[in-house]
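A.B. asks: Residue numbers (my numbering), protein chains in the order written: chain A, -7 to 329; chain B, -7 to 329. All C-beta atoms in this analysis are idealised placements derived from N, C-alpha and C, irrespective of residue type, glycine included. From a predicted model like this one, the values you see are computed outputs, not experimental measurements.
(1) Between which two residues does the beta strand (DSSP E) carrying residue 58 of chain A extend?
(2) Taking the alpha helix (DSSP H) that residue 233 of chain A belongs to, which residues open and close that run?
(3) Roughly how many whole angstroms lie between the Cα atoms of residue 273 of chain A and residue 71 of chain B?
(4) Please name the residue, chosen from B:215, B:186, B:177, B:199, that lies closest to residue 141 of chain B on a Cα-to-Cα basis.
(5) May I ask you to list the residues that DSSP assigns as paired with residue 142 of chain A?
(6) For a contact defined as C-beta to C-beta under 7 Å, what are the partners of residue 336 of chain A on chain B?
(7) Going along the chain, which unbroken runs of the beta strand (DSSP E) with 3 or more residues stay wholly within the stretch 110 to 169 of chain B?
(8) Quick check: the Cα distance between residue 221 of chain B and residue 144 of chain B, rounded to an integer number of angstroms?
(9) Please confirm whether residue 67 of chain A has its beta-carbon closer than 7 Å to some beta-carbon of chain B.
(10) Quick check on the burial criterion: 16 or more other C-beta atoms within 10 angstroms. Buried or exposed for residue 128 of chain B?
(11) Does residue 269 of chain B have its Cβ less than 7 Å from a Cβ in chain A?
(12) With respect to the beta strand (DSSP E) encompassing residue -6 of chain A, which residues constitute its N-terminal and C-terminal limits?
(13) State the CB to CB distance for the pair residue 232 of chain A and residue 284 of chain A, rounded to an integer number of angstroms; the pair is presumed to be in contact (CB under 8 Å).
(14) Report the residue from B:74, B:40, B:39, B:18 whose alpha carbon sits nearest the alpha carbon of residue 27 of chain B.
(15) At least one CB of chain B closer than 7 Å to the CB of residue 319 of chain A: is that the case?
(16) How about the stretch 168 to 175 of chain A and the stretch 203 to 212 of chain A: do they share at least three Cβ pairs that are nearer than 8 Å?
(17) Helix, strand or coil for residue 211 of chain B per DSSP?
(18) Inspect the beta-carbon positions of residue 181 of chain A and residue 126 of chain A and report whether they are closer than 7 Å.
(19) Buried or exposed: residue 352 of chain B, going by 16 or more other Cβ atoms within 10 Å of its Cβ?
(20) Pick from B:92, B:93, B:148, B:13: whose alpha carbon is nearest that of residue 289 of chain B?
(21) Who are the neighbours of residue 194 of chain B on chain A, taking C-beta pairs under 7 Å?
(22) With 7 Å as the limit, tell me which residues of the stretch 230 to 247 of chain A have their beta carbon closer than that to any beta carbon of chain B; keep them in chain order.
(23) Between which two residues does the beta strand (DSSP E) containing residue 76 of chain B stretch?
(24) Is the CB-CB distance between residue 138 of chain A and residue 223 of chain A below 7 Å?
(25) Checking contacts by CB at 7 Å: is residue 310 of chain B closer than that to chain A?
(26) Indicate whether at least one CB of chain B lies closer than 7 Å to the CB of residue 280 of chain A.
(27) Of the residues that make up the stretch 161 to 183 of chain B, which ones have a beta carbon closer than 8 Å to any beta carbon in chain A?
(28) Kindly list the residues whose CB is nearer than 6 Å to the CB of residue 131 of chain B, restricted to its own chain and excluding five residues on each side of it in sequence; keep chain order.
(29) Name the chain A residues that come within less than 7 Å of residue 187 of chain B, Cβ to Cβ?
(30) Taking the alpha helix (DSSP H) that residue 102 of chain B belongs to, which residues open and close that run?
(31) At 7 Å on the CB atoms, spell out the chain B contacts of residue 254 of chain A, in chain order.
(32) Return the chain-ordered list of same chain residues with a C-beta closer than 7 Å to the C-beta of residue 82 of chain B, the five sequence neighbours on each side being excluded.
(33) Select from A:174, A:57, A:190, A:265 the residue whose C-alpha is nearest the C-alpha of residue 219 of chain A.
(34) What does a CB cutoff of less than 8 Å around residue 263 of chain A pick up in its chain, not counting 5 residues either side in sequence?
(35) Going by DSSP, name the residue or residues bridged to residue 45 of chain A.
(36) Considering only C-alpha positions, which residue in the set A:202, A:152, A:60, A:22 is nearest to residue 334 of chain A?
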C-alpha cells in the first residue's frame, strides 16, 4: 500500500508511529505531512529509513491508498488541526489508519465521508470483543519469550523489539513478533493494542497473542511504558505478567533523567529499575534482565560508545544501541541463555 | 432500598459482594438467594451482619426493589443458571444490579423485560466515558491517602478498607472512601470499578476519584488484586501509582499459600511482598507498608492471635484482624504517621 503519514509539528522526534512505519514497515511511504518541516526530505531528519518528501497538507500529497495518523500524543486525543487532512484523504477515497484512544470512526463527519467515498477507517486501538482474563499459561510455552522493558516511554522498546526480530530472522532463527502498540500493530498487520484493553484483561490479551504465535522458537514481545511511570505502569505490569518472559531487555535513552511528559518525576538509577523489573517478575515467573538497549541518537558515535559502556556497568549485563550499532550482540545474549 | 442478593452455590465464602452489602451497606437485605444453603439464615454462616433468610430462587423472595448479583466469579461472566432469577426479578418490576464484566443490559431478554416492566439494569462495572490518563497529581493532595494492598485477591482489602473508614469516622476523623470494585461502588453508591476501565486509564480513573474526594482529611482507597497475581496485577499497579498513597496496609489470609484460582502459583513470603509493594511505590511516590490486616476467619480466637503475632513478625509492622478484633489499632498507626 501507498501511505502518507501525518505528523504535524512532531516529526521526527515525537512521531513514533511515523518512524516505525518508515523504518520497519513493508508499505510504500509516499509522503510525510508536517507543516513544521514541509519542504524537507525524510532523509534530512532520519537515516537508514525510506526516503519520502515532507509536505504541509493532504492537498500536496501524491496519490495514496491510506493516510496514517503517525503521532501518538499523551492521552491519545485527536487534534482538530488535523481535521482537514483527514477529511481531505477520505474525500479522495483514501482509507485512514489511526492509533488514537479517540476512535475516528465515531466522528460523524469522518464516518459520513468514509461511507460516501467507500473507504475504511481503521482504528487500530479498538480491541477485540472476545478478550478475557489471563489463564496464567504463558510460562508453559516452548518458545523462548523475550520482553523489552523500559526506564520510560519512548526510549526504544518498539524499535529494539523490531531490530531483534529482524536480526534473529537474518541469522535463520524462527522468530515471532508480538506487537502491543499501535505502531507495532500497523507494521505487523495484526495484534492487540494493549493500553486500550479493559484493565482486567491486560495480561489476558498478551497471553492470547503469545498463544496464537506459540509455534515460533523465539517470541519477541514489544513492551509498553515503564514500571516506574506515574500514568502508564499498569499496562507495563500486565504485559510483564501476561507474557511471563524468559528474558528481559532494558531499554533506556542517553541523558534521560525525568519521565517524559511528567517532568517532576525523576527517573531512579537504572540499576534500581533492573531490580524492580526482576522483583516484579519473580512471583509469577522469575526472569532476568539479560541485556540493555541504549538509544544514543542524541550523541556522536564516540560518545555513544562511552555511554554504552557506562550503561553496561550500571545494569551489569551487555548493552548496545541496536539501531546505531548491531542488534546481533543482543541476539547472541538471547541465544546463549 | 430493599434488596435480595443472588449468591448461588457461593454463599458466603465466594460471594464477596453479598458479604459486603450485608456487612457495610445501608440497604435492607430481605433475602439471600442460594440454592445450596436455602432454608438457612444468614446468621448460620456469618456473624455481625444483617440477618436475612436464605431462599432458593427469586420466587421465594419477599417484595424487593432490586436484585443484586452478589457473586464475582473469575472472569466476570454470567452463569445461565441465574437467568430465571434475573428474569423473575425484572418481570416483577424490580431493578437488577450487577458487577459482572458481561453487561446484563446488553442481554436482549433482560433489556426487553426491563423496558416492559419499567425497571433499571445497573451494570456497576460500566465505566464513565470521560476517563483519561493520569496527570500524576495525587501526591499533591493534602489528604492522607491510605491504600489497602494484598498478597492475593479475596484476602480482605475491601473489608479492611470499610472497617478503617467506619473506625476513623467513629473517632471523629474526616474520612472518605474511594471504592474501586463492584461491591464498594454498590455500597457507596458512587465510584469507578477500576478493573473495567481502559488499561491506559487505570491510574487516571483512580486519580479522578481522589480529586473528587480531596477535601477529606483521610482517604481510604480500596485496593484490588495483588501485585503478584498472574492475571490481575495490572489493576493493582495502576491503583498504586494512580493513588500515590502515603501509607499501605498489607492484607493477607491465614494459611493462604497459593494464588486463588491459579493454584500452581505459590505465594511468595509476605516480607518479600512488602518489599515489592514498597519498591514499586518508590519511583512514583515513596510509601511504606505501615500495618497488616490478617483475615483469621478460618481459625479460632486463640489461634488467630498467634497467627497475627507471626504475621507481625514477618512484615515488621503492627497487624490485626480488623473484623474479628479492633480496626482501631490500624487507625492508631495511620493517625501517628
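C.D. replies: So, from the listed chains and residues:
(1) 58 to 61
(2) 225 to 235 is the span of the alpha helix (DSSP H), which, as asked, contains residue 233 of chain A.
(3) Using only the alpha carbons, I get a separation of about 34 Å.
(4) B:215
(5) A:243
(6) Since the first and last residues shown for chain A are -7 and 329, residue 336 of chain A lies out of range.
(7) Here the runs fully enclosed are 113 to 115, 136 to 142.
(8) 7 Å
(9) yes
(10) buried
(11) no
(12) -6 to -2
(13) No, residue 232 of chain A and residue 284 of chain A are not in contact; Cβ-Cβ is about 17 Å, not under 8 Å.
(14) Per the Cα distances, B:74.
(15) no
(16) yes
(17) Three-state DSSP puts residue 211 of chain B in a strand.
(18) Remark: C-beta atoms of residue 181 of chain A and residue 126 of chain A do not approach each other more closely than 7 Å.
(19) Limits of chain B in this structure are -7 at one end and 329 at the other, which puts residue 352 of chain B out of reach.
(20) B:148
(21) 191, 226
(22) 230, 233
(23) Counting along the chain, residue 76 of chain B falls outside any beta strand (DSSP E), though it belongs to the alpha helix (DSSP H) covering 75 to 83.
(24) no
(25) no
(26) no
(27) none
(28) 236, 277
(29) For a Cβ distance threshold of 7 Å, residue set 191, 192 of chain A lies close to residue 187 of chain B, ordered along the chain.
(30) 100 to 108
(31) 128
(32) The beta carbon of residue 82 of chain B lies closer than 7 Å to those of 88, 102, 105, 106, 109, 111 in the same chain, with the five residues before and after it left out.
(33) Residue A:265 is the option with its Cα nearest to residue 219 of chain A.
(34) If the five residues before and after residue 263 of chain A are omitted, its C-beta is found closer than 8 Å to the C-beta atoms of 306, 307, 308, all from its own chain and listed in chain order.
(35) Note: residue 45 of chain A sits in a beta bridge opposite A:33.
(36) This structure cannot settle anything about residue 334 of chain A, because the visible part of chain A is limited to -7 through 329.
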